[in-house]
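A.B. asks: If you scroll down you'll find the structure; I have some questions about it.
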Ligand code: F6P
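Numbering (the numbering used here), first residue to last: 1 to 328.
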């Protein structure tokens with residue numbers, strides 16, 4: 001007979017993302033609704049190792065659905081990458097009589113959860129929350145939509161000053177390994193070029209395209225560059241390159257940085273986080289484990305954690321084409 005679930009622990013790990021608080025709220029309230037005690041683990045896997053646990057109730061999560069960041073803190077834990085660290089975490093979960101664990105984060109978080117489950121057979125469920133949207137098994141991660149809105153707002157403002165001065169701006173956005181933020185915001189903000197890690201079209205094409213822009217009468221230009229772009233040059237080097245090859249351009253650089261991770265979650269992210277949080281508790285109650293909660297065609301579904309870790313989320317090739325057409 002399967003063990004009845006009485007206590008569920010949950011944590012946020014890796015880079016924070018808008019909507020993490022909304023998912024914490026959903027997990028806690030869903031636990032309470034089902035007569036389960038919710039236990040928050042502070043600071044990701046570090047808190048699991050140090051035994052930094054806090055029992056919550058429905059009121060512990062009041063007034064947080066609209067707040068950015070994560071009230072239970074997050075971290076990237078190097079100790080959890082060691083077997084001895086994971087053993088300490090397991091002992092703490094057993095000592096606190098916890099029956100299941102929900103981890104909220106990105107691929108690093110899921111990799112840790114997958115290994116942990118393999119070693120100790122402890123029930124785990126993953127919820128994808130990262131602004132990068134680079135997780136296989138879900139069309140959207142929590143935080144992606146909010147970050148897109150933040151970036152588009154910033155680029156619109158930069159466009160005002162760019163066109164007032166007839167300047168070219170290289171704008172760096174987050175996305176260490178993925179170009180989803182760059183591609184979506186580039187299309188939404190009318191960028192002339194979008195440089196992403198998934199598709200290296202080379203510097204020659206960039207120069208050609210910028211020349212064409214000038215010749216066809218464009219007075220200002222925006223190039224959105226993903227942090228992990230593979231042209232081999234960062235935004236400042238790109239500026240130097242254009243300064244050298246197209247001196248007629250006046251070039252500036254803007255690195256948007258961590259503002260992309262902050263701020264209130266969008267309506268989409270709040271709803272997504274609520275759905276995923278509830279589904280994660282339901283899944284544990286149905287004795288599911290070692291899976292990630294995802295969304296596809298607006299339906300919640302589960303993907304094995306190993307696939308979420310090993311699979312690659314695909315870039316939207318339709319958007320690449322649209323960006324080419326729009327920038328003529
Ligand atoms: O959350 C993912 C991410 O935003 C990446 O795009 C970026 O490279 C990284 O986090 C930055 O992380 P940190 O805040 O640890 O420097």
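Glycine included, every Cβ here is placed at the ideal spot set by N, Cα and C.
What you are looking at is a predicted structure, and each value in this text was computed from that prediction instead of being measured.
1. Relative to the ligand F6P, is the shortest distance from any of its heavy atoms to the C-beta of residue 132 smaller than 7 Å?
2. Using DSSP's beta-bridge definition, name the partner residues of residue 308.
3. What residue range does the beta strand (DSSP E) around residue 61 cover?
4. Looking only at its own chain, which residues have a Cβ that is under 7 Å from the Cβ of residue 186, when we skip the five neighbours before and after it?
5. Run the proximity test for residue 258: is its beta-carbon closer than 7 Å to any non-hydrogen atom belonging to the ligand F6P?
6. Under the DSSP definition of a beta bridge, which residues are partnered with residue 252?
7. Pair every Cβ in the region 51-60 with every Cβ in the region 255-265, then say whether three or more of these pairs are closer than 8 Å.
8. In angstroms with no decimal places, state the Cα-to-Cα distance between residue 319 and residue 179.
9. For residue 198, is the classification buried or exposed, using 16 other Cβ atoms within 10 angstroms of its Cβ as the cut-off for buried?
10. Taking the DSSP output, what are the residues bridged to residue 221?
11. Skipping 5 residues on each side, what residues in its chain have a beta carbon closer than 7 Å to that of residue 23?
12. Measuring CB atoms only, is the region 99-113 touching the region 299-313, in the sense that at least three cross pairs come out at less than 8 Å?
13. Who are the near neighbours of residue 10 in its chain, counting only those whose CB is closer than 6 Å to its CB and skipping five residues on each side?
14. Identify every run of the alpha helix (DSSP H) within the region 79-164, keeping only runs that are complete inside it and at least 4 residues long; order them along the chain.
15. Find the nearest neighbour of residue 177 within the set 301, 50, 106, 19, judged by alpha-carbon distance.
16. Say yes only if the C-beta of residue 174 is nearer than 7 Å to one or more non-hydrogen atoms of the ligand F6P, and no if none qualify.
17. Kindly identify the DSSP beta-bridge partner or partners of residue 294.
18. Just to check my reading of the structure: residue 71 and residue 36 have Cβ atoms closer than 8 Å, yes? What is that Cβ distance to the nearest angstrom?
19. Residue 90: which of 55, 216, 49 sits nearest, CA to CA?
20. Taking 8 Å as the cut-off, decide whether the C-beta atoms of residue 242 and residue 201 are in contact.
21. Just the C-alpha distance for residue 153 and residue 98, rounded to the nearest angstrom, thanks.
22. State yes or no: is the C-beta of residue 355 nearer than 7 Å to some heavy atom of the ligand F6P?
23. Report whether the distance from the Cβ of residue 126 to the nearest heavy atom of the ligand F6P is below 7 Å.
24. Can you tell me whether residue 63 is buried or exposed, with buried defined as 16 or more other CB within 10 angstroms of its CB?
25. Quick one: what does DSSP say residue 55 is sitting in, helix, strand or coil?
26. With hydrogens ignored, establish whether the beta-carbon of residue 81 is closer than 7 Å to any heavy atom of the ligand F6P.
27. Quick check on DSSP: helix, strand or coil for residue 6?
28. If I measure Cβ to Cβ from residue 73 and keep anything under 6 Å in the same chain, skipping five residues before and after, which residues do I get?
29. Spell out a yes or no on whether the region 249-261 and the region 157-177 are touching, meaning 3 or more CB-CB pairs, one atom from each, closer than 8 Å.
30. Can you name the start and end residues of the beta strand (DSSP E) that residue 194 belongs to?
31. Can you pull the DSSP bridge partners for residue 40?
C.D. replies: Here's the rundown:
1. Yes; taking the cut-off as 7 Å, the Cβ of residue 132 has a heavy atom of the ligand F6P nearer than that.
2. Residue 308 is not bridged to any residue.
3. Here residue 61 belongs to no beta strand (DSSP E), and DSSP marks it neither H nor E.
4. 194, 224, 323
5. yes
6. Note: residue 252 sits in a beta bridge opposite 169.
7. no
8. 11 Å
9. buried
10. 168
11. 104, 127, 129, 142, 273, 276, 277
12. yes
13. 27, 102
14. The qualifying runs are 83-95, 107-120.
15. 106
16. yes
17. Residue 294 is bridged to 301.
18. Between residue 36 and residue 71 the Cβ distance is about 20 Å, and since that is not below 8 Å, they are no contact.
19. 49
20. no
21. The straight-line gap from Cα to Cα measures roughly 43 Å.
22. The structure shown has nothing for residue 355, since the chain only spans 1 to 328.
23. no
24. Label assigned to residue 63: exposed.
25. strand
26. no
27. coil
28. 42, 43
29. yes
30. 193-195
31. Paired residues: 10, 54.
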